[in-house]
Structure formats: structure tokens, C-alpha cells
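In this text, residue positions in the sequence shown follow full-length UniProt numbering: the first is 1, and each later residue adds one. All residues carry an ideal CB built from backbone N, CA and C; glycine is no exception. This structure is a prediction, so every number in the text was calculated from the model and none was measured. Structure record follows, encoded as C-alpha cells.
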Amino acid sequence: MGSLPPKHTRDGSGGGINDNISSMNNTTYRGIYMYEHANYSGFSYYARPRSEDDDLTNNDFDNVASSIRFL
């Protein structure tokens, strides 16, 4: 399970994550939304602050995220 590269920590809409995430570890005190498409559109997955999910297949979000928004 990896962390997002620094360029994704502020905006989340940059390249490199497009349909490439199969797990997540939110180490921040902020919630995050991962979206199916670029520019925060399509289906979304919400991750609570300080949460992790080792397998996004159980949420039908495996290799789906294309943009991430930190709240």
C-alpha cells in the first residue's frame, strides 16, 4: 500500500493515479473523496480521516479512481 506522491496532496487531479489505485491509506486528519473520472466527477468513494482499505475490490473501486479531493 503506497502513499500519494507529493504532487497529489494538494489537488489530486494530476496524472499518475488514473485507474491505478487498488488500496488506500489516509494518514491525514481530513476526509478524502476519490472520484471515478478526472475533475471530481462520476462515482465516488469516501475515506474517513486516519482510515485505510487494503482492498478496494470490496467497494467496487479497484483501479477506478482518477481524481482525489481532500476535504
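Taking a contact to mean a Cβ-Cβ separation below 8 Å, would you say residue i touches residue j in this structure?
i, j, result
"Phe70", "Arg30", "yes"
"Glu52", "Asn20", "no"
"Tyr35", "Ala65", "yes"
"Gly22", "Asn59", "The question names Gly, but residue 22 is Ser in the sequence shown. Not a contact, by the Cβ cut-off of 8 Å."
Less than 6 Å between C-beta atoms, sequence neighbours within five positions excluded: which residues of the same chain meet that for residue i?
i, result
"Phe43", "Glu36"
Tell me, which residues are paired with residue i by DSSP?
i, result
"Phe70", "Ile32"
Counting only the same chain and skipping the five closest in sequence on each side, list residues whose C-beta sits under 8 Å from that of residue i.
i, result
"Arg50", "Asn26, Thr27, Thr28 and Tyr29"
"Arg48", "Asn26 and Gly31"
Unbroken stretches of the beta strand (DSSP E), 3 residues or longer, contained in the segment 9 to 59: 24 to 26, 32 to 37, 41 to 47 and 51 to 53
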